[in-house]
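Asker: Questions regarding the structure given below will be posed in turn.
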Amino acid sequence: MAASLTASVGMPVDPARILLVDDQPARLLTYEAILAPLGEELVAVQSGEEALRRLMETEFAVILLDVSMPGLDGFETAGLIHAHPRFENTPIIFVTGVHVGELDRLEGYRLGAIDYVQIPLVPDILRSKVAVLVELYRRRRELRTLNQSLAGENANLVQANLALQTERAREYQALSETLAAANAKLSEANAALESEVAERRHAEQVSLQLATSLRKLDRRKDEFLATLAHELRNPLAPIRNAVAVLRGRPLDEATSQHTLEVIDRQVRQLVRLVDDLLDVSRITYDRIELKRERVEIGAILSATRDMALPSIEQRNQTLALEPPIAPVHVHGDPQRLIQVVGNLLNNASKYTPPGGTIALAARSDGERVRVSVTDDGIGISAEDLRNVFDLFVQVDAAREHAQGGLGIGLTLVKRLVEMHGGTVAAESDGRGRGSRFTIELPCAVDASPAQQASVAPGVSGARIRVVIVDDNRDAADMLALTLQMLGHETKVVYDPLLALDAIAAFGPRVAFVDLGMPRLGGIELAGMIRERFGASIRLVALTGWGQPADRERTREAGFDFHFVKPIDLAEVEKLCSVG
Numbered sequence: 387m388a389a390s391l392t393a394s395v396g397m398p399v400d401p402a403r404i405l406l407v408d409d410q411p412a413r414l415l416t417y418e419a420i421l422a423p424l425g426e427e428l429v430a431v432q433s434g435e436e437a438l439r440r441l442m443e444t445e446f447a448v449i450l451l452d453v454s455m456p457g458l459d460g461f462e463t464a465g466l467i468h469a470h471p472r473f474e475n476t477p478i479i480f481v482t483g484v485h486v487g488e489l490d491r492l493e494g495y496r497l498g499a500i501d502y503v504q505i506p507l508v509p510d511i512l513r514s515k516v517a518v519l520v521e522l523y524r525r526r527r528e529l530r531t532l533n534q535s536l537a538g539e540n541a542n543l544v545q546a547n548l549a550l551q552t553e554r555a556r557e558y559q560a561l562s563e564t565l566a567a568a569n570a571k572l573s574e575a576n577a578a579l580e581s582e583v584a585e586r587r588h589a590e591q592v593s594l595q596l597a598t599s600l601r602k603l604d605r606r607k608d609e610f611l612a613t614l615a616h617e618l619r620n621p622l623a624p625i626r627n628a629v630a631v632l633r634g635r636p637l638d639e640a641t642s643q644h645t646l647e648v649i650d651r652q653v654r655q656l657v658r659l660v661d662d663l664l665d666v667s668r669i670t671y672d673r674i675e676l677k678r679e680r681v682e683i684g685a686i687l688s689a690t691r692d693m694a695l696p697s698i699e700q701r702n703q704t705l706a707l708e709p710p711i712a713p714v715h716v717h718g719d720p721q722r723l724i725q726v727v728g729n730l731l732n733n734a735s736k737y738t739p740p741g742g743t744i745a746l747a748a749r750s751d752g753e754r755v756r757v758s759v760t761d762d763g764i765g766i767s768a769e770d771l772r773n774v775f776d777l778f779v780q781v782d783a784a785r786e787h788a789q790g791g792l793g794i795g796l797t798l799v800k801r802l803v804e805m806h807g808g809t810v811a812a813e814s815d816g817r818g819r820g821s822r823f824t825i826e827l828p829c830a831v832d833a834s835p836a837q838q839a840s841v842a843p844g845v846s847g848a849r850i851r852v853v854i855v856d857d858n859r860d861a862a863d864m865l866a867l868t869l870q871m872l873g874h875e876t877k878v879v880y881d882p883l884l885a886l887d888a889i890a891a892f893g894p895r896v897a898f899v900d901l902g903m904p905r906l907g908g909i910e911l912a913g914m915i916r917e918r919f920g921a922s923i924r925l926v927a928l929t930g931w932g933q934p935a936d937r938e939r940t941r942e943a944g945f946d947f948h949f950v951k952p953i954d955l956a957e958v959e960k961l962c963s964v965g
């Protein structure tokens, strides 16, 4: 489980050293910014020669190594590093900004590379990879310390043996007339010796168990990274093909609509994968906050059914919904509960053959409500049932399916259900006999319906002016095109330094502002807009960060809304529908 890779609570951990090797200072700054939250010691150098000098001076947990450098390139540097006995086990992650062929990739692995990362970097993925390797380094160092301690204990035991023999000879010589007393002392010494031996054996067993656990975690990490690459490529292939179709010969309306639906469906799959990865990281570091409210469980089931039904029907499967006989309320986060049930439905559909049946049902005994997802699919063996909720775990039968997933969905289900004060269990009669996942949640204590806030709807279809400030031209142009399709008038500003003059001339009602722009960031620009134009403009923050602290920061900067990329079209339409 992911918890086994984290440091024990309350135990101080010395920062590990991470060597960053890149001839481009800007990239070094990027690596440092991405890895700074790990709290480790980052050492940045700009050449392979300097990296070798630093390695001779101290020990590093991980090396982040650029492939293309003048002088010693990444491959040559990696070869020299792992040729040295001291550094042959130091993990290396290659960084490349160009496509790496299979031969180059194999050469990198032969030279000792653990993994490749591609420019542009995905911060959370790079940070997670480095964090895992640093934690493995710490475990190896702890194991080495434990072995040294065991060696010391062994030497002490030998010394104790020698002292015991000397004492025994002295006692025989000095107390020959008290043989009975000497024998008693000898028995006592033997008992102490047996106890020491037993403790040593126990320590050796603990050491072996720890080594086995580390090997298992390392294997799971490798399997997860390989699966992640596979799962990310799956939706990219149809997206790329769909783009090629749209760029080709003119298409009829039905073909165009189908192609756009393919792109939309695969983009949503990519977003789901990224969201699941982020949620695992947030749960691991206890950074998820539930937005609880009184919610009716039947509404959760209906919403989840509507989301999952298209993919289920696409596989020619049947979904049966059995809501509670009477309304049942729980005190929870509706979005997270939909995510939980949706993950279970998604799993059931993936591992149920075409023509199969899936049942989504809920029953309540007044104190607790039980939500079950039952299928007649491939089933789960008794051995796999024991660790089916562990992180990165996939049952053997699941690996035979093309859509095996990342092995994190059920872990998310378990953690989120537990955060709601509930439990989740898996049942199966064996391979080929289907499975059932059951969630138990406490019913809401307050029986009175919660007051619902009355929000006056906006005037749909009202034409407004919208300005978009984003240095990413593709993202800005596509958002502008989307707003124009909704009937709004737009202006795009690629340079944030020109934004104030553009706003003054255009007079927008809404401004979408990207936070991560060069020369002038979105936070600073928002303050300047508020200072010059007051509250006459609705400010919308565009960012890839969606933690509560990030939302609080944009709110304090003067933004009215905080949107995490990619933005849903329905949210954009709702925002721009003003009276």
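Each number in the numbering used here comes from the position in the sequence shown (counting from 1) with 386 added on.
All C-beta atoms, glycine included, are put in the ideal place defined by N, C-alpha and C.
May I ask you to list the residues that DSSP assigns as paired with Glu682?
Answerer: Glu682 pairs with His715.
Asker: Do the CB positions of Val899 and Ala912 come within less than 8 Å of each other?
Answerer: Yes.
Asker: Span of the alpha helix (DSSP H) holding Val520?
Answerer: That run of the alpha helix (DSSP H) goes 509-560.
Asker: Check whether the Cβ atoms of Gly816 and Ser767 lie closer than 8 Å to each other.
Answerer: Yes, they are a contact pair.
Asker: From the DSSP output, which residues share a beta bridge with Arg772?
Answerer: For Arg772, which the question treats as bridged, DSSP gives no partner whatsoever.
Asker: On the three-state DSSP scale, how would you describe Gln703?
Answerer: If DSSP states are grouped into helix, strand and coil, Gln703 belongs with coil.
Asker: Between which residues of its own chain and Ala567 is the CB-CB distance below 7 Å, once the five residues before and five after are set aside?
Answerer: Excluding residues within five positions, the ones whose Cβ falls inside 7 Å are Leu561.
Asker: By the 10 Å Cβ neighbour count, where 16 or more other Cβ atoms means buried, how is His806 classified, buried or exposed?
Answerer: It is buried - the Cβ of His806 has at least 16 other Cβ atoms within 10 Å.
Asker: Where do the ends of the alpha helix (DSSP H) carrying His468 lie?
Answerer: 460-469 is the span of the alpha helix (DSSP H), which, as asked, contains His468.
Asker: The beta strand (DSSP E) with Glu426 in it runs from where to where?
Answerer: Looking at the DSSP string, Glu426 is not in any beta strand (DSSP E), and its letter there is neither H nor E.
Asker: Which residues mark the beginning and the end of the alpha helix (DSSP H) in which Asp863 is found?
Answerer: Its alpha helix (DSSP H) spans residues 859-871.
Asker: Can Val516 and Phe480 be called in contact, C-beta distance under 8 Å?
Answerer: Not closer than 8 Å, so no.
Asker: With DSSP as the reference, please indicate the residues paired to Ala812 in a beta bridge.
Answerer: According to DSSP, Ala812 bridges with Phe823.
Asker: DSSP three-state call for Phe945: helix, strand or coil?
Answerer: Coil.
Asker: Would DSSP call Gln504 helix, strand or coil?
Answerer: Gln504: strand per DSSP, three-state reduction.
Asker: Please confirm whether Leu1026 and Ile478 have their CB atoms less than 8 Å apart.
Answerer: The requested residue 1026 does not occur in the structure, where the chain is confined to residues 387 to 965.
Asker: DSSP state of Ile923, grouped into three classes?
Answerer: Coil at Ile923, not helix or strand.
Asker: So, is Pro696 buried or exposed, given that buried needs 16 or more other C-beta atoms within 10 angstroms?
Answerer: The residue is exposed, with fewer than 16 neighbouring Cβ atoms inside 10 Å.
Asker: Assign Met864 to one of two classes, buried (16 or more other C-beta atoms within 10 Å of its C-beta) or exposed (fewer than that).
Answerer: So Met864 counts as exposed.
Asker: Near Ala836, what residues of its chain come up, given a Cβ to Cβ distance below 8 Å and the 5 sequence neighbours on each side ignored?
Answerer: Its pLDDT being 38, under 50, Ala836 is placed unreliably by the model, and the measurement read from it follows with that caveat. For Ala836, where only same-chain residues beyond five positions count, the Cβ hits under 8 Å are Glu679, Arg680.
Asker: Could you work out which residue in Leu731, Glu574, Glu959, Glu563 is closest to Leu869 when comparing CA atoms only?
Answerer: Nearest of Leu731, Glu574, Glu959, Glu563 to Leu869, Cα basis: Glu959.
Asker: Give me the residue from Arg413, Arg525, Val592 with the minimum Cα distance to Asp482.
Answerer: A quick correction: the sequence has Thr, not Asp, at residue 482. Out of Arg413, Arg525, Val592, Arg413 has the C-alpha closest to the C-alpha of Thr482.
Asker: Who are the Cβ neighbours of Asn542 in its own chain at under 6 Å, not counting the five residues just before and after it?
Answerer: Nothing listed; no residue qualifies.
Asker: Give every residue of the same chain whose Cβ lies closer than 8 Å to the Cβ of Val714, excluding the five residues on either side of it in the sequence, and list them in chain order.
Answerer: If we look at Val714 and ignore the five residues flanking it on each side, its Cβ neighbours are Glu682, Ile683, Gly684, Ala748, Ser750, Val755, Cys829.
Asker: Just tell me which of Val657, Ala628, Leu656 has its CA closest to the CA of Gln643.
Answerer: If we check each option's Cα against that of Gln643, Ala628 comes out closest.
Asker: State yes or no: is the C-beta of Pro411 within less than 8 Å of the C-beta of Arg513?
Answerer: No, they are not a contact pair.
Asker: With a 10 Å radius around its C-beta and 16 neighbouring C-beta atoms as the bar for buried, classify His948 as buried or exposed.
Answerer: His948 is buried by the Cβ-count criterion.
Asker: Smallest Cα separation from Ala956: which of Ala694, Leu872, Ala499?
Answerer: Answer by Cα proximity: Leu872.
Asker: Could you give the first and the last residue of the continuous beta strand (DSSP E) run that contains Val1005?
Answerer: The shown model of the chain, from 387 to 965, leaves out residue 1005, and the question about it has no answer.
Asker: Alpha carbon to alpha carbon, how far is Gly808 from Asn732? Give it in angstroms, no decimals.
Answerer: Near 21 Å, if we compare the C-alpha coordinates of Gly808 and Asn732.
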